[in-house]
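Numbering (full-length UniProt numbering), first residue to last: 1 to 464.
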């Protein structure tokens, strides 16, 4: 068919082509739209890397940009640890199973780590670090972000921090600083990379060191992008300072730091968070979004196009020899656009201030959590409490289970002594198989009058 049309155009002229008037009228507009879409689609990553056997922790991997990156890495053989709010969500189970089947990779796991709660983050990090030998970790990919639509009231995390600051900046700060021992201890031949998402909106950020986390400042209901931009600005500053602190760590093998922390700007994408922000979280806004979707389809990137800078940051060999703290956009390293990104003293001050605020927030949350536990405990009926105590005592005394504490070990030893007939008391320190006189009753039976008489009769018979 194309050859026939081409032959007609050559030998008979383009006017002989059926529908030539329509082609001549609309083809310039179609080509212009195609060119605009191609331009706004951004640059593609050309580097490849062998991900088989490599382990990555991911946040925000269940939707949008993170979901595409999870699929891309899993299809190339990477082992993924996806951090989620709750592992009991039935949708999450289906999502992980579906991802395993699509990528033919069953090394995909979900771990509970709610970025809305500092306590949940600490529990996950403690669980990850509590392993011997240390777990392998080839990188951390931070895609999770919170964007509050315009006109919405202030929203806070479990710890009372404004949600955009709390999730976009504070949660990732807490997660990475807690996981830093795992990053530092990786073998020197591994190329460990940490990639976090940033945004051009950091140019609108408003950093105030007297209230860095917006704990006391008025919430700008009509300008929520200020907080979003501030969170991304502080996250980029943290990346630079975190890289310097990793570099200053002295390994026992004297090898240089093999961890690189970089920021990647995916651009504006057609993701659920973008849809929620543009629709202002309303039904009417969502209707307008769908009406204008053809325009968004032309100018906004898809998740695969936005992920190219992340894939470049993970795969490009140039970063192995470069220092970290770079901002990557369209598969290129950008120069710092704001003065805060060149001020090392300010970055250090923000890092130290955040650590202090984190400590205070965690203490306050622990006190509040203890209060709530007592309130819930007071609501439990007495009979149920007694049943729970009896069940706990039974488990502690059960010799068939492994003791978890020294107290449980002593309780199980006491049960075992009682079972085999060894006397026990507060000051009794008999071993399990005693050889002292106090245990003669266990080793040799006592002689009785009847046994003595039988022994005498047997002796007399032998004499006869």
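Idealized CB from N, CA, C, for every residue including glycine.
message: Output needed for residue 198: all residues of its chain with C-beta closer than 8 Å, excluding positions within five of it in sequence on either side, in chain order.
response: In the same chain as residue 198, and ignoring 5 residues on each side of it, the C-beta atoms closer than 8 Å to its own belong to 232, 235, 236, 263, 264, 265, 327, in chain order.
- request: Please classify residue 437: does DSSP put it in a helix, a strand, or coil?
  value: Low local confidence applies: a pLDDT of 47 at residue 437 is under 50, so the model's placement there is unreliable, and no value is given.
- prompt: With a cut-off of 8 Å, do at least 3 Cβ pairs link the region 36-47 to the region 295-306?
  reply: Short answer: they touch.
message: If distances are taken between C-alpha atoms only, which option among 416, 388, 366 comes closest to residue 117?
response: Out of 416, 388, 366, 366 has the C-alpha closest to the C-alpha of residue 117.
- prompt: Helix, strand or coil: which one does DSSP assign to residue 426?
  reply: Residue placement at residue 426 is poorly supported in this model, since its pLDDT is 47, which falls under 50; the coordinates still yield a value, given next. In the three-state reduction of the DSSP assignment, residue 426 falls in the coil class, being assigned neither a helical nor a strand state.
query: Among 164, 67, 108, which residue has its Cα nearest to the Cα of residue 150?
result: The candidate whose alpha carbon is nearest that of residue 150 is 164.
message: Just list the residues that DSSP pairs residue 79 with in beta bridges.
response: Note: residue 79 is bridge-paired with 55 in the DSSP secondary-structure output.
query: Whose C-alpha, out of 48, 94, 337, is nearest the C-alpha of residue 204?
result: If we check each option's Cα against that of residue 204, 337 comes out closest.
field: Proximity to residue 102 [Cα-Cα], best of 67, 136, 132
entry: When only C-alpha atoms are compared, the closest one is 67.
- prompt: In the region 356-411, which residue ranges form an unbroken beta strand (DSSP E) of at least 3 residues, counting only runs that do not cross its ends?
  reply: For the region 356-411, not a single whole beta strand (DSSP E) run of length 3 or above is found.
- prompt: Given residue 87, which residues of its chain have a CB within under 6 Å of its CB, disregarding the five upstream and five downstream residues?
  reply: Within the same chain, residue 87 has close Cβ partners 110, 112.
query: Given that a residue counts as buried once 16 or more other Cβ atoms are within 10 Å of its Cβ, and exposed if not, what is residue 206?
result: The residue in question, residue 206, is exposed, as its Cβ has fewer than 16 Cβ neighbours within 10 Å.
message: Helix, strand or coil for residue 353? Go by DSSP, reduced to three states.
response: Annotated three-state conformation of residue 353 is helix, per DSSP.
message: Rounded to whole angstroms, what is the Cα-Cα separation between residue 107 and residue 51?
response: Approximately 12 Å between the Cα atoms of the pair.
message: If I measure Cβ to Cβ from residue 173 and keep anything under 7 Å in the same chain, skipping five residues before and after, which residues do I get?
response: The answer, listed in chain order, is 238, 354.
Alpha-carbon to alpha-carbon, residue 398 and residue 412: Going from the Cα of residue 412 to the Cα of residue 398 covers about 6 Å.
- request: Spatial neighbours of residue 240 within its chain, please: CB distance less than 6 Å, with the 5 preceding and 5 following residues excluded, ordered by chain position.
  value: For residue 240, where only same-chain residues beyond five positions count, the Cβ hits under 6 Å are 325, 347.
Distance CB(residue 193)-CB(residue 296) smaller than 8 Å: Taking 8 Å as the cut-off, the Cβ atoms of residue 193 and residue 296 do not count as close.
query: Cα separation between residue 471 and residue 219?
result: Absent from the structure is residue 471, since the part of the chain shown begins at 1 and ends at 464.
field: Local conformation of residue 292 per DSSP, three classes
entry: Three-state DSSP puts residue 292 in coil, outside helix and strand.
message: Helix, strand or coil, according to DSSP, for residue 332 in the structure here?
response: Note: residue 332 maps to strand in three-state DSSP.
Three-state class that DSSP yields for residue 212 in the structure shown: When DSSP states are grouped into helix, strand and coil, residue 212 belongs to the coil group.
field: CB of residue 175 within 8 Å of CB of residue 212, strictly
entry: In this structure, residue 175 sits away from residue 212, with a CB-CB distance that is not shorter than 8 Å.
- prompt: Taking buried to mean at least 16 other C-beta atoms within 10 Å of its own C-beta, is residue 467 buried or exposed?
  reply: Beyond the ends of the chain as shown, which are 1 and 464, falls residue 467; an answer cannot be given.
- prompt: Three-state secondary structure (DSSP) at residue 307?
  reply: Three-state DSSP puts residue 307 in coil, outside helix and strand.
- prompt: Does the beta-carbon of residue 147 have 16 or more other beta-carbons within 10 angstroms, so that it is buried, or is it exposed?
  reply: Buried is the call here.
message: Can you tell me whether residue 48 sits near the ligand MG, meaning its C-beta is under 7 Å from at least one heavy atom of the ligand?
response: Ligands are entirely absent from the displayed structure, and the ligand MG is therefore not among its contents.
query: DSSP on residue 109, reduced to helix/strand/coil?
result: Three-state result, residue 109: strand.
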